[in-house]
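Numbering (the working numbering), first residue to last: 1484 to 2093.
For every residue, glycine included, the Cβ atom is placed at its ideal position computed from N, Cα and C.
Please read these numbers as outputs of a predicted model, since none were measured by experiment.
This report concerns only the one structure given below.
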């Protein structure tokens, strides 16, 4: 792809802003209006075939002024109604079946007008009339009744309403608009730069297909996976709740009701969508949705990394299959976890490093690098460790090749602006806790001795270094090629993930190949990130084994900590395939490998999740 002309950058930027703004305004416009919220729970679990009628003074109820409900995930029935000035009476028909026991616990009218929301809570005991309904219990907060006919009715006179006004800035909708803006701008840029032939069309369709598949996956995981199943999700919720009342750059970890020792950036981001008027369940959905959107942005950037490499269609298929098939990647992407932010930091940093390999020493390169490192550090330690090793291997590459980077004074100042907060945070932690990381044994020493992180001497298992290595391999098998969490879904043998395992073996072999000149930066990024992953695994082995010896702890081996650089395997495997793509039998084997890898992820999950 040829370089972008300077003025075209501004045009693409303008396209991005216009698309994002229109998408944001469009979403807000669609939400404008008036809704009646009704919380009804039947004794027998089923969706009530409810219906709402509304009328003004001196007018009868009619079918032309009625509404059917939409039932949300919280079991609330939502009816779209006209403006309040046109309504004086409501008639709720809860069910067309006789003999149904129903409890009505909440009714409110919600008026949304752009950024302002007014909520009118109705007194549900203020009935003007009831038809074919027998009350069992009646109060301001609850109506428990039995339908006695097929045309049961509850009539309400609205009267004078007093509403509570709040303002919302719809950050989730803004994130969705940004993603749409990024996607639209990329499609326009790609169409204007690439030769629009059959290969371009096939390549674009392939990437859109895998993006759509991943979007479907993460939305399904977000809605279907029970809260608390993904790793440490309950603890992440406690951290969000703590930061809601304690906004600190350096948190008081010793006062926190959990064992997490991560910086607070991710949890402050979740607080942007924290709704004090919503239930815990509703807030969890908000947190998961925002976390999922961060993951989707990450995945789009991973797709861009592969798209820009100019691979063959087979190479693209291999790359896409691997980045889509590591089970914990999308599973965590739909969860309440700071892993999503760590993944974003990882790919942003690597896109900046790729520009350095391309000898692009523009200020934007250093901005991307510094931003990625900043996000990685303030998400979790292991992400920062991956970035550290990537920098280390990049420095080794410079020493070996004698190819030095160049920068200007303003680039140093820009990078310093990102690294000053990192130094401030790290120095504060070391002063306050006398440790590199405020781990649970440092912040809560008494609770630590009673936790699962510590086992009394007389109850400990004493594993040898080889046994610990075998345990680590077992964790990799379950947590990289399967789902390892509080509700794990693994495979009985390696045959269950043979395709994905074979792809990883190809990636490790390709590590020893010479980089092709036309894909030099792509290849070097693959090698640097794969070496960083292997290095962090070595560090993880020694630190976890030390914890095992000192405290009897049997964990600390989960491979999900390596997910910020998971695309390394996809890069190297695709390069391996590029070398031998001319052989028909090899191509056939690779296609089967990819199909099996795809099956072993989401489709295997659907068959085994309960």
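- Inter-segment contact for the region 1764 to 1779 and the region 1733 to 1745 is absent: fewer than three beta-carbon pairs are separated by less than 8 Å.
- For residue 1940, no pairing in a beta bridge is given by DSSP.
- The three-state reading of DSSP puts residue 1959 in helix, counting H, G and I together.
- Rounded to the nearest whole angstrom, the CA to CA distance from residue 1909 to residue 1919 is 7 Å.
- For residue 1563, the secondary structure class from DSSP, reduced to helix, strand or coil, is strand.
- Of the residues 1990, 1601, 1613 and 1631, the one whose Cα lies closest to the Cα of residue 1645 is 1601.
- No Cβ-Cβ contact shorter than 9 Å links residue 1982 with residue 2058.
- Unbroken alpha helix (DSSP H) runs of no fewer than 4 residues, entirely contained in the region 1686 to 1739, are found at 1716 to 1728, following chain order.
- Within its own chain, the residues whose Cβ lies closer than 7 Å to the Cβ of residue 2080, once the five positions on either side in sequence are excluded, are 1804, 1805, 1808, 1982, 1983 and 1986, listed in chain order.
- A residue is called buried once 16 or more other Cβ atoms fall within 10 Å of its Cβ, and residue 1539, having fewer, is exposed.
- Residue environment analysis places residue 1491 among the exposed positions, since fewer than 16 neighbouring C-beta atoms fall within 10 angstroms of its C-beta.
- Taking 8 Å as the upper bound for CB-CB distance, residue 1926 and residue 1736 are in contact here, some 4 Å apart.
- Here residue 1594 carries a strand assignment [DSSP, helix/strand/coil].
- In this model, residue 1973 and residue 1607 are separated by some 49 Å (Cα to Cα).
- Annotated three-state conformation of residue 1636 is strand, per DSSP.
- In this structure residue 2012 touches residue 1873 by the C-beta definition: roughly 6 Å separates them, less than 8 Å.
- Per DSSP, the continuous alpha helix (DSSP H) segment holding residue 1808 begins and ends at 1796 to 1808.
- In this structure the region 1957 to 1967 does not touch the region 1772 to 1779; the number of beta carbon pairs closer than 8 Å is below three.
- Residue pairing by DSSP puts residue 1602 in a beta bridge opposite 1593 and 1647.
- With a contact defined as Cβ atoms closer than 8 Å, residue 1654 and residue 1755 qualify at about 5 Å.
- Of the candidates 2025, 2048 and 2047, 2025 places its Cα closest to the Cα of residue 2038.
- Residue 1507 has no beta-bridge partner at all, per DSSP.
- In the DSSP assignment, residue 1679 falls outside any beta strand (DSSP E) and carries neither an H nor an E.
- Membership of residue 2057 in the alpha helix (DSSP H) is indicated by the continuous run 2050 to 2063.
- By the Cβ neighbour-count rule, residue 1715 is buried, with 16 or more other Cβ atoms within 10 Å of its own.
- Taking residue 1784 as the centre and dropping the five residues before and after it, the same chain places the C-beta of 1830 closer than 6 Å to its C-beta, in chain order.
- Around the beta carbon of residue 2067, fewer than 16 other beta carbons lie within 10 angstroms, which makes this residue exposed.
- Contact check for residue 1771 and residue 1817: beta-carbon distance about 6 Å, within the 8 Å limit, so the pair qualifies.
- Close CB contacts of residue 1999 within its chain, under the 7 Å cut and outside five residues either way in sequence, are with 2006 (chain order).
- Nearest Cα to residue 2044 within the set 1687, 1963 and 2085: 1963.
- Between the region 1690 to 1706 and the region 1521 to 1529 there are fewer than three C-beta pairs closer than 8 Å, too few to call the two in contact.
- Out of 1573, 2086 and 2072, the CA that lies nearest to the CA of residue 1611 is found in 1573.
- Exclusion of the five residues before and after residue 1618 leaves 1628 as the residues of its chain whose Cβ lies within less than 6 Å of its Cβ.
- DSSP places residue 1981 inside the alpha helix (DSSP H), whose first and last residues are 1981 to 1993.
- For the 9 Å CB-CB criterion, residue 1498 and residue 1797 do not form a contact.
- Beta-bridge annotation (DSSP): residue 2015 is not paired with any residue.
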